[in-house]
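Written below as structure tokens is the structure these notes are about.
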Amino acid sequence: MREAPAPARRAWLWVFAAYLFQSIPAAVRDEALPVALKNTGYADKDITQAVAYLGLIFGFKILLAPIVAAFRQRGLILCAELAISLLLGGLALQVAAAHPSSPAIIGCLVLLSFLAAAHDFALDGYFVSSLDDRIRATHSGLLNFASKLGMVLAGPGLIWLAGRIMEYGPQSADAWSWALVAAALLALLATAANALGLMAEPRQLTDGKTVQERFREMRTGLLALFSDPRLAAVIGLIFFYRASEVHMARILPLFATSATGGGLALGNETYALMRIATAVVGLALGGIIGSQVVARLGLGRSLIPLGLAMHAPLAAVAWLAADGSHSLWVIGAVFFIEYLAYGAGLCALILAMMRLASGPGAAIRYAALSTLALLANYLPGLWAGRLSDRLGYAHYFLFALILAIPGIISAWLAKRHFLRD
2 MREAPAPARR AWLWVFAAYL FQSIPAAVRD EALPVALKNT GYADKDITQA
52 VAYLGLIFGF KILLAPIVAA FRQRGLILCA ELAISLLLGG LALQVAAAHP
102 SSPAIIGCLV LLSFLAAAHD FALDGYFVSS LDDRIRATHS GLLNFASKLG
152 MVLAGPGLIW LAGRIMEYGP QSADAWSWAL VAAALLALLA TAANALGLMA
202 EPRQLTDGKT VQERFREMRT GLLALFSDPR LAAVIGLIFF YRASEVHMAR
252 ILPLFATSAT GGGLALGNET YALMRIATAV VGLALGGIIG SQVVARLGLG
302 RSLIPLGLAM HAPLAAVAWL AADGSHSLWV IGAVFFIEYL AYGAGLCALI
352 LAMMRLASGP GAAIRYAALS TLALLANYLP GLWAGRLSDR LGYAHYFLFA
402 LILAIPGIIS AWLAKRHFLR D
């Protein structure tokens with residue numbers, strides 16, 4: 002009796018759906034949440050601190066690695082996606098409540114960060130382990146597109162939707178509640194598509210390792226990383242190479258939507274549409290340009306020129322803050338150039354991290370470096386809002402530009418480690 006043929010794989014479906022889903026919690030936290038809090042009257046310092054704390058929780062996902070690896074990856078991915086979707090719905094109900102509970106809202110956001118961390122680690126591990134080199138290469142473009150689409154839909158998309166709803170009368174809290182309902186429905190749709198795609202995947206056997214054995218493997222990988230002579234140089238790049246841009250990014254959405262203190266006073270819809278038009282194209286094109294520069298010059302020789310290019314647009318952002326009487330075309334052009342330069346510079350940093358992580362234990366080594374990168378990305382939020390309140394937007398952006406100096410020094414020190422790459 003013949004066995005039934007195995008169903009045709011639908012890797013394209015689950016790669017698209019899962020990585021679109023992956024970007025939803027991050028976009029809600031990093032883009033939609035700051036604007037939502039700004040709309041409801043919170044001060045900049047409180048907003049940046051809230052986002053920073055949530056991001057730092059997400060940054061400790063490496064500690065979940067041995068525990069996550071003990072579960073079946075596909076089941077864990079789908080369960081985490083369903084739980085995150087329900088949390089987004091619960092968050093929407095709390096925001097719209099007559100007497101919203103701050104502990105409940107904070108609890109939802111914290112749990113959302115933990116679940117997203119576990120989901121991301123399991124998904125990235127499944128993508129690497131279940132697909133061979135050829136399939137991974139052919140689906141890498143789809144992965145990148147899905148991630149950017151999710152960022153647009155759950156970040157600027159929610160900001161635009163909340164702005165449209167507020168035009169018809171509802172208060173900010175009610176408008177953002179409906180926007181979160183839309184995010185939850187999008188997450189559920191992505192979960193369903195992901196489940197449909199994963200149904201056709203071949204069954205994976207577990208390796209039978211205990212949690213203790215996985216922790217020992219993690220320790221071995223980390224010890225190998227700590228003994229690498231390039232580690233200090235790469236840590237310098239992680240914390241200083243994009244310090245200017247990170248400080249600017251913590252404040253830019255607040256500066257763009259603020260009507261006081263020199264802000265651009267852009268409405269939610271205007272800011273969202275401008276963000277969509279400039280960020281997605283700018284980051285994608287910047288990544289292409291950055292990769293071409295590295296391919297031609299090599300990683301070592303690319304670090305300084307790409308670092309200079311990444312920091313230069315901050316002078317234009319400071320100019321916008323010093324004189325806010327600019328047309329939307331000028332503002333959009335500055336935003337586009339900033340995103341373009343950042344996309345190119347980020348390419349060099351990611352490649353440096355990948356070079357250091359390559360070799361035995363590459364997954365855990367790169368996870369450790371990614372954790373450091375997340376810390377470097379969110380730590381400035383603890384003081385960025387308070388500092389911008391004291392300095393004003395224009396002087397704050399000039400301060401951020403000065404941070405380019407240690408960034409270029411870190412690139413110069415790291416250059417010699419990658420000249421032969």
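Just remember that our numbering sits 1 ahead of the position in the sequence shown, which is counted from 1.
Every residue gets a Cβ at the ideal spot worked out from N, C-alpha and C, and that includes glycine.
Taken atom to atom, the span from the alpha-carbon of residue 359 to that of residue 121 is near 20 Å. Measuring C-alpha to C-alpha distances from residue 398 to each of 56, 371, 262, 245 identifies 245 as the nearest. Residue 330 and residue 305 have their C-alpha atoms spaced approximately 30 Å apart. In this structure, residue 147 lies away from residue 184, with their beta-carbon atoms at least 7 Å apart. The shortest CA-to-CA distance from residue 300 to any of 35, 158, 269, 347 is the one to 347. Residues of the same chain with a CB within less than 8 Å of the CB of residue 58, apart from the 5 flanking positions on each side, are 111, 114, 115, 118 in chain order. For residue 88, the closest C-alpha among the options 29, 201, 323 is that of 29. Spatial neighbours of residue 199 in its own chain (CB-CB distance under 6 Å, excluding positions within 5 residues in sequence) are listed in chain order as 15, 75. Residue environment analysis places residue 104 among the exposed positions, since fewer than 16 neighbouring C-beta atoms fall within 10 angstroms of its C-beta. Listed in chain order, the non-local C-beta contacts of residue 389 below 7 Å within the same chain comprise 45, 252, 397, local neighbours out to five positions each way being set aside. The beta carbons of residue 263 and residue 394 sit about 5 Å from each other, so the pair counts as a contact at 8 Å.
The way I'd put it, the segment 162 to 182 doesn't touch the segment 281 to 295; fewer than three beta-carbon pairs between them come closer than 8 Å. Note that the segment 187 to 202 does not touch the segment 373 to 385; fewer than 3 beta-carbon pairs, one per stretch, sit closer than 8 Å. Under the 8 Å Cβ criterion, the segment 403 to 421 counts as touching the segment 304 to 323, having at least three qualifying pairs.
Close CB contacts of residue 56 within its chain, under the 6 Å cut and outside five residues either way in sequence, are with 379 (chain order).
Less than 7 Å separates the beta-carbon of residue 386 from that of residue 48. Residue 340 is positioned such that its CB atom lies closer than 7 Å to that of residue 283. The C-beta distance from residue 157 to residue 273 rounds to 4 Å, short enough to fall under 8 Å.
A direct Cα-Cα distance of roughly 10 Å separates residue 276 from residue 254. Below 8 Å, too few C-beta pairs join the segment 312 to 328 and the segment 214 to 234 to call them touching: fewer than three. Boundaries of the alpha helix (DSSP H) harbouring residue 165: 157 to 168, taken from the DSSP string.
Counting only runs that start and end inside the segment 174 to 234, the alpha helix (DSSP H) elements of at least 4 residues fall at 212 to 227. The C-alpha of residue 51 is placed about 20 Å away from the C-alpha of residue 97. Contact between residue 127 and residue 78 holds: CB atoms are separated by about 7 Å, below the 8 Å threshold. Looking only at 186, 73, 349, the smallest Cα-Cα distance to residue 294 is reached by 349. The beta carbon of residue 149 lies closer than 6 Å to those of 281 in the same chain, with the five residues before and after it left out. Under the three-state reduction of DSSP, residue 260 is assigned to coil, being neither helix nor strand. Out of 81, 334, 39, 162, the CA that lies nearest to the CA of residue 270 is found in 162. In the three-state scheme derived from DSSP, where H, G and I count as helix and E and B as strand, residue 23 is classed as helix. Cβ-Cβ distances below 6 Å link residue 81 to 116, 119, 120 in the same chain, with the five nearest sequence neighbours on each side left out; the list follows chain order. The three-state secondary structure of residue 150, taken from DSSP, is helix.
Between residue 24 and the set 204, 401, 187, the nearest pair of CA atoms involves 187. Spanning the alpha carbons of residue 37 and residue 310 requires a straight line of approximately 32 Å.
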